[in-house]
Structures are given as C-alpha cells and as structure tokens.
Amino acid sequence: MDLGKWRSELIRGAVKPFSLTLESATAECRVTSVRESSMDDWHEAVLDYAIATPQGEAPLTAHLTARFDESFSLVRLTLALHAKKTGAAPSRATLHAEKTGTVPSRATLHAEKTGTVPSRSGTRSLGTVPVFSEVAIRQIKILDLLAPDEDNEQTRTLYGLSGGFMYEPSDFQIEGIFQSGPTRPFPLDSLKPWEKAIGKGEKYVLDSDRTGRSSNSQIPIWVYADSGQGLWLGPEWSGCWGLEVRREQDGSRLLIGLPTFDFTMCEGEKIELPTAAFGVYTGKPHAGFNALRRAIHKHYLPSVTSPDGQERQKPQPPVLFQGLGGLPAYQDEKTLYAEADRAAAVGCEAFVLDAGWYCFPPVNWWENMGEWRPDAERFPSGVDKFADYVHSKGMRFGLWIEPRMALTVDAFDHARDIFLAPSPEVVAPYGSHAPFFSQAMLDLGKAAAQDWFTCELECLISEYHADWIWFDFNTDPRMQHWDEREGRARKGLMELRFYQGMYKVFETVAGRHPNVWLETCSSGGRMIDLAQLRRFHSIWVNDLSMDDDQNRNFRGALSRVLPAVCIQNAFFLNDRILFSAPEDRRLHTANRFLTCFGGAFQFGQGLAYWEDDAIRTAARYTALYKEYRCYLDKEYYHTLPIPSSRDAWDAWQYHDPETDSGIVLVFRLGQSQEDKKVVPLEGLNPHQQYSFTVVDSDAAIEESGRALTVGMERGNAILVHYRAA
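The sequence shown begins at 818 in the numbering used here and counts up by one.
Structure representation (structure tokens):
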C-alpha cells in the first residue's frame, strides 16, 4: 500500500478513512479545512469535514486528526463529532438530556401527548417553541481503509488471536469451569492464533462479544497480509468493536466499527471517538508481526522511572513474585515476610500482592472489595512496614485493586451515587458465581468517580508505599450495566465515557507518579488492546497458568503481537498442592523456568515452601533470564507449530538483527514420541557463519543449514545462544 499517495489523497479529500450512517443514509463528508504540522519524526494533519446526506446538509461536523511517522509504521486516526449550534430554542430531548443524562427516542417524544416542553422554570406550549434538529448517528466506522491489491486474484490472509478466556454467563453453570491444571482439556481455545484466507469477492466479519470488554473473545489487533507486504491494524479501544474485511474490485476494504454505538447528539454536543491505528510493512507475515511488536514497544509502551528515581526509560521484562485469585489463608504476615525473603533470594525485582490483602479468609476476596485498607489480622505490623521491608530487599512493592465495591461494605453507603449495582435479573445467569458478579461497578464516566478512584490509587502509593499497581476489572459491563441503563437514543455513550474516564485516571496517576509500574488485567486477559498498551506497562494475560504446556502456548502465541514485557502470569501454589505434598511434585524444572522466558519471569504464592535446592535452581535461571532478556523484545519467531497435543515439540527464537545474534528455546512436551526435532531458524544471514552454544541442559544439538537438530528427554527444554562467528 502506497501510504505516501494515501496521505496526499487524504489531504485533498479524495479518500476518507472513516464512515458515518445518519438515520438510514450514509453520510457524505466534504473537507472544509486542512492544517498540517510536523515535529521530530511525526507528521500531523487535522481535517474538518462538513457532513451531508441525500436529504441535505446535516447539522454536524467531523474533525479528524491523523498522526503518522516517516515510515508509516504507525498511523493513528482520531475522529470527533460536533453537533452544530443553530441558535434555536432547545428541544424537549435536549432539555431532558440536561436533566437526566439521557435523550429519549423520537418515538418516545411523539408518544407523549402533554403538549408542553419541559424547562427548568416550568412548561411552555409546543406551538410557541421552535425545535432545532438533532443528529441521529446510526453507525460509525472509525477506520474505513481501502488497501489496493496489485493482484486481485491472489488470496489475502487475516491473522489474529482468540481472547483471554471465552465464556457466556450460562457457562458458569457448568461444573468445573474454573478448574486449572492437567484436568482441563489441552489446548484451550484461549489466546490461540488463527488465520482466515479471504479470496476475491469474499468478506469476513468479526466482532467482540457482548460483554463490553475488548478481548474477552478476540484480541482486537490483527495482521492482514499477502505474500510480500501487508499491514497491521486495531482500535485503541477497550470496549465493543467490529471488524469487516471485504475484497472489492479496487482492493481490500478494512473497516473497524463500534457496533454498540447508536445515539442522538444534542445541539452543541461534542464527542471524541476511539482512535484507530494501523501500520504497513513489507515481507512475509512474520515481518508484519514483528513490525507490530516494534510499534507497540516504541510508540505505545509507556516509560517508567527506575525505583531509585534516577532514570526514566522503557521497562524491560521483569522478574517478580505475584499471586493469583486472592491471598490464601497460609499467607499470614510471618509467611509473607518469608515469601519476600525467598523472592529476593531467587532474584525478584518486584513483589506484588494479589486480591485479599484487605481481608482475611474465610472472607472471600471479592466480599470486601472497595475497602482498600489493609487487613489488621493479616498485617498486624502494617502494610506500609511490609512494603518498606520489600523495598529494602531491592524489590518494588505492588498491590491489587479494581473499580468495584461490595454492596455490603460500609463505604458503599457514602459512594453509591458514583457506583452502578447490577440487577438480580442480570446476574442470575451466572448461577453459583452470581455473588461474585453482584458487586457494584464504579461509573468512571462521571468526573466524581474518576476523582474517587484516582484518590484510592494514590492512597496505595502514599500510605502503603506501593510502586506497582495491579489493576483488575472483573465485570462484563455491557451485559451487567450499560444495556439496561443506556437510553435508546444514547446507546454506546456510557461505554465511551466509562473507558475514556478509565484512561484519564491512569494517565493522571502516571503523570503524578512516573516511578509507579502500572499493570492491567481484567479477569485474565480480557482487555488486551492498544488502548491498554498505551497506558500500562504490562498485562496479566490469563488466569490458567498452572499447566506449563498451556502456559507456554499462551506466551508463545502472545509473543507474536506483544513485547515480552507486556506478558504476565505466574505459577502459584494453592493450599491443596502445598499441604497434600504429592510425591511427584517438582517445582524447579528447566521446562517450567524456560517457559517463563516468554514474557515476565514470574513466581507466585507458596515460594516460601520451596525446598532449598529448588530455590538455588530458580536463582540460576533468573540470572540467565536477566542475562538474555535483552533479546526478548527483538524479533520473534515461533519456529514450530503451536502444540495441538502433548505429543509435540515447541520452539521460540528471538533475534537481534543489529548484533546478528539471538536465543532459541526448544521444548519437548511430556508425551512426545519424537526423540529428535529439526528446528528451523529465521532472520539469519545466509552468507554468515554462526556459533551456537547450549546455555542450559545437556541436550545434544546439531547445526544443519539454517536449522538446529535437537535431541533431549521428554519434558525437557534447552536454551541456545547464537551469534555471528
């Protein structure tokens, strides 16, 4: 795609990278002004559009801001809509909106037969008040991009990843939905790569599900490719989305829409829509994935100040301790101090407490949400003292929080005006898990709610000395809140304002506290999107991390699109595993530790109970990780197919083209019947000789052309370092 030509056509109005439908007609958009500017390597074009339909000019203007770098590795398009002021007296819908925050539908207005217009000072006759036009927005495409096809007969391919954990409310009535470990089927459909071939004249339609979280079913970041070039694309948006790819006569049309948006704008109202982004690349599809990884690392991943406050830079993949699913009863203060000692001994750089630091079993961690104050029984000496101890060990200290509140806590009575409580009918389909989903959600579309949550976050920092915040969001907001609260003429606006409010809160916290690491989660990988990546340093990607093979599939698949620093989940020990002490429990395997190279290197609950030999082995692997993690955000190649059974091998390669060196990690799964495997290598110079060193393991390797032949025992793994000879 010639983006230089596209830019020229954009400026003169020959192409329009968005589309609107007003009532039943597609809007025509005419450029009325253009302003261009440049700074460093970035260019910006601001275009104003007049909007018209076949019935005439609409009382609406559009304002598009396009930002792009020199190579078009990233193009960001942000559209804002403005309903014109006419000077006429307000309509009944406008006045109603001012008082209630919603706009009644036209059918509702016509159905009312009062003959009066509500006003702040009384009522007046309809016959004496001129009613100005309102603008009904029926459909919005925040990206409408035509990519010319040089060979229209050739098939194009769309590549994507399934979401963090797919479910519908009825699934919670299925026994064992939250089982982890080998009892679950392998592989899971979560975080699973897929590809769709799209031929001439065909189209492919994909959308988020109706939960209101961007990656519950599909991650909204894609690569669209032919054999020699392509582009990556996605919305900077954490809510509902729709994608459509159409092979038309002139090329491939790529559309990203907002399917839940269907609203009427009031006079003078301004609405800024989510940004859409894309970038171009040349080469095979893996070049597209690596172009995407580079763009995220360079343009999205926020910097963070080092704990000593001396340097602000892009974060590197960390080594950390982090639990899952609420702190278990065995993690009392004494045990947590021991956990911190062990975490420091293995080389952790952060110690992050999960949900439950504010309550103590038998209270479930979700029953006290909103009371973001430490539990005195678990921390009789105080969380701040424990944080200082963690810091003295050279680690960051982290706390978990989410924007929900239990209806039973005392604080709810003082803050109920900024929370939304789901109705019993909405949560009933969740079955036995309904109590978990019955908590109130903070309405971050309100300024007061944003202030409240910002204050709570800053309390974690100032009072409890946290310099790592683990933000979670365990709600299906569209199904549980917005569907039943949005007026028929304001569909999508609660969703829009909620996420814009969320973004504002974390931008505020990051601006005031540049030394604080921000991690996002959302029930384990259900908000993996470009908007989250712009504001958070890492993402807890999935809750099902006890199965090494499944965890490796997750990490290997995500590494296609995400830098390693963004990928987090931890191996933890629950009470049953700890105290039943199964004879075959082995915690310190090369297989497990080398799997941790596919993202952050993480430990979890129960580290205090690891045997000394396991701790020494863990420390050796974290030292290797720190030595070689410089490669993890370079080019990535999944050089063997992602395992579809446990009778398989797996292999990852990280290559630094600047130094012409890298690492290869090879895994033999426990049921593999092949004693040897040929592992192809990518990115190497065919005219260059390379030296290969097995860093860990006694496995045998042979170099043959641009491949390695590896032999090792079942359930083993190796790390190989290579460089130009």
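Every residue gets a Cβ at the ideal spot worked out from N, C-alpha and C, and that includes glycine. Here the structure is a predicted model, which means the values were calculated and not measured.
Top-ranked residue by Cα proximity to residue i, from the options
{"i": "Glu840", "options": "Thr1081, Leu1224, His1116", "result": "Thr1081"}
{"i": "Ser825", "options": "Arg1063, Phe885, Pro1331, Val1207", "result": "Phe885"}
{"i": "Val952", "options": "Val863, Asp865, Ala842", "result": "Ala842"}
{"i": "Val1200", "options": "Gln1256, Trp1182, Asp1230, His1282", "result": "His1282"}
{"i": "Ala1228", "options": "Glu1184, Ile1345, Pro1252", "result": "Glu1184"}
{"i": "Gly1373", "options": "Asp1360, Cys1413, Ser1034, Leu1137", "result": "Cys1413"}
{"i": "Trp859", "options": "Ser836, Leu1023, His1116", "result": "His1116"}
{"i": "Pro1124", "options": "Gly1211, Glu1150, Lys1087, Gly1142", "result": "Gly1211"}
{"i": "Thr1225", "options": "Lys1202, Val1180, Ala1266, Ala1245", "result": "Val1180"}
{"i": "Asp1293", "options": "Tyr1448, Pro1474, Gly1341", "result": "Gly1341"}
{"i": "Gln1385", "options": "Pro876, Ser890, Leu1137, Val1121", "result": "Leu1137"}
{"i": "Arg1485", "options": "Leu978, Arg1463, Gly1479", "result": "Arg1463"}
{"i": "Asp1006", "options": "Lys1013, Gly980, Asp1024", "result": "Gly980"}
{"i": "Ala1042", "options": "Gly1105, Gly1068, Asp1067", "result": "Gly1105"}
{"i": "Ala1014", "options": "Pro1037, Ser1209, Glu970", "result": "Glu970"}
{"i": "Leu827", "options": "Ser855, Met818, Leu864", "result": "Leu864"}
{"i": "Val1512", "options": "His1504, Glu1530, Tyr1539", "result": "Tyr1539"}
{"i": "Val1358", "options": "Val1121, Ile1345, Gln1505, Asn1370", "result": "Ile1345"}
{"i": "Cys1083", "options": "Gly1096, Cys1447, Lys901, Tyr1426", "result": "Lys901"}
{"i": "Thr1325", "options": "Ala1264, Ile954, Glu1156", "result": "Ala1264"}
Beta-carbon proximity of residue i to residue j, cut-off 7 Å
{"i": "Leu1109", "j": "Val1378", "result": "yes"}
{"i": "Asp1079", "j": "Lys833", "result": "no"}
{"i": "Phe1214", "j": "Ala1204", "result": "yes"}
{"i": "Arg1314", "j": "Gly1262", "result": "yes"}
{"i": "Arg1190", "j": "Tyr1175", "result": "yes"}
{"i": "Tyr1438", "j": "Tyr1453", "result": "no"}
{"i": "Ala844", "j": "Thr870", "result": "yes"}
{"i": "Val1333", "j": "Pro1134", "result": "no"}
{"i": "Gln956", "j": "Thr838", "result": "yes"}
{"i": "Asp1450", "j": "His1114", "result": "yes"}
{"i": "Gly1018", "j": "Thr972", "result": "no"}
{"i": "Ser1055", "j": "Ala1348", "result": "yes"}
{"i": "His1405", "j": "Ala1436", "result": "no"}
{"i": "Asn1368", "j": "Ser1376", "result": "no"}
{"i": "Val1207", "j": "Phe1270", "result": "no"}
{"i": "Ala964", "j": "Gly821", "result": "no"}
{"i": "Ala805", "j": "Thr1456", "result": "Summary: the structure shown does not reach residue 805, with the chain confined to residues 818 through 1542, and so no result is reported for it."}
{"i": "Ala1425", "j": "Glu1156", "result": "yes"}
{"i": "Ile959", "j": "Phe1095", "result": "no"}
{"i": "Tyr1448", "j": "Asp1477", "result": "no"}
Check: residue i C-beta below 6 Å from any heavy atom of the ligand SAH
{"i": "Thr1325", "result": "As far as ligands go, the structure on display features none, and thus does not contain the ligand SAH."}
Environment of residue i [buried if 16+ CB atoms lie within 10 Å]
{"i": "Thr849", "result": "exposed"}
{"i": "Val1527", "result": "buried"}
{"i": "Asp961", "result": "buried"}
{"i": "Val934", "result": "Bear in mind that the predicted position of Val934 carries a pLDDT of just 35, short of 50, making it unreliable; the figure below should be weighed with that in mind. By the neighbour-count rule (16 or more Cβ atoms within 10 Å), Val934 is buried."}
{"i": "Ala1541", "result": "exposed"}
{"i": "Thr1028", "result": "buried"}
{"i": "Asn1502", "result": "exposed"}
{"i": "Thr895", "result": "buried"}
{"i": "Thr1099", "result": "exposed"}
{"i": "Gly1085", "result": "exposed"}
{"i": "Ser987", "result": "Residue confidence is low: Ser987 scores 43 on pLDDT, short of 50, so the model does not pin down where it sits. Its coordinate-derived value is still stated next. By the 10 Å Cβ count, Ser987 comes out exposed."}
{"i": "Val1022", "result": "exposed"}
{"i": "Met856", "result": "exposed"}
{"i": "Ser1044", "result": "exposed"}
{"i": "Ala1517", "result": "exposed"}
{"i": "Asp1366", "result": "buried"}
8 Å contact criterion, which residue i and residue j should meet: CB distance rounded
{"i": "Gly1187", "j": "Leu1144", "result": "Between Leu1144 and Gly1187 the Cβ distance is about 17 Å, and since that is not below 8 Å, they are no contact."}
{"i": "Ala862", "j": "Glu853", "result": "5 Å"}
{"i": "Leu1259", "j": "Phe1288", "result": "Actually they do not touch by this definition, with Cβ atoms about 12 Å apart."}
{"i": "Ser1255", "j": "Pro1239", "result": "6 Å"}
{"i": "Pro1052", "j": "Ala1093", "result": "5 Å"}
{"i": "Ala1534", "j": "Val1495", "result": "Not confirmed; about 17 Å, so no contact."}
{"i": "Pro1178", "j": "Pro1460", "result": "At roughly 37 Å, the Cβ-Cβ gap does not stay under 8 Å, so Pro1178 and Pro1460 are not in contact."}
{"i": "Ile1243", "j": "Gln1297", "result": "Residue identity differs from the one stated: residue 1243 is Val in this sequence, not Ile. Going by Cβ atoms, the distance from Val1243 to Gln1297 rounds to 5 Å, so yes, they are a contact pair."}
{"i": "Ile1218", "j": "Leu1277", "result": "7 Å"}
{"i": "Ala1407", "j": "Ser1339", "result": "Going by Cβ atoms, the distance from Ala1407 to Ser1339 rounds to 32 Å, so no, they are not a contact pair."}
Write down every uninterrupted run of the beta strand (DSSP E) in the region 1283-1367 whose length is 3 residues or greater and which is fully enclosed by it, in chain order.
-> 1285-1288, 1334-1337, 1355-1357
Can you check the region 1005-1058 for any beta strand (DSSP E) of at least 3 residues that lies completely inside it and give the ranges in chain order?
-> 1010-1015, 1020-1024, 1039-1042, 1046-1053
Whole beta strand (DSSP E) elements within the region 1466-1505, 3-residue minimum = 1466-1473, 1478-1485, 1493-1497
Quick one: which unbroken alpha helix (DSSP H) runs of 4-plus residues sit fully inside the region 1127-1176? Chain order, please.
-> 1150-1163
Start-end ranges of the alpha helix (DSSP H) lying completely within the region 1400-1458, minimum 4 residues | 1407-1412, 1429-1445
If you scan the region 1204-1273 from start to end, which runs of the alpha helix (DSSP H) of 4 or more residues do you find wholly inside it?
-> Runs of alpha helix (DSSP H) with 4 or more residues, each lying fully within the region 1204-1273, are found at 1227-1232, 1241-1244, listed in chain order.
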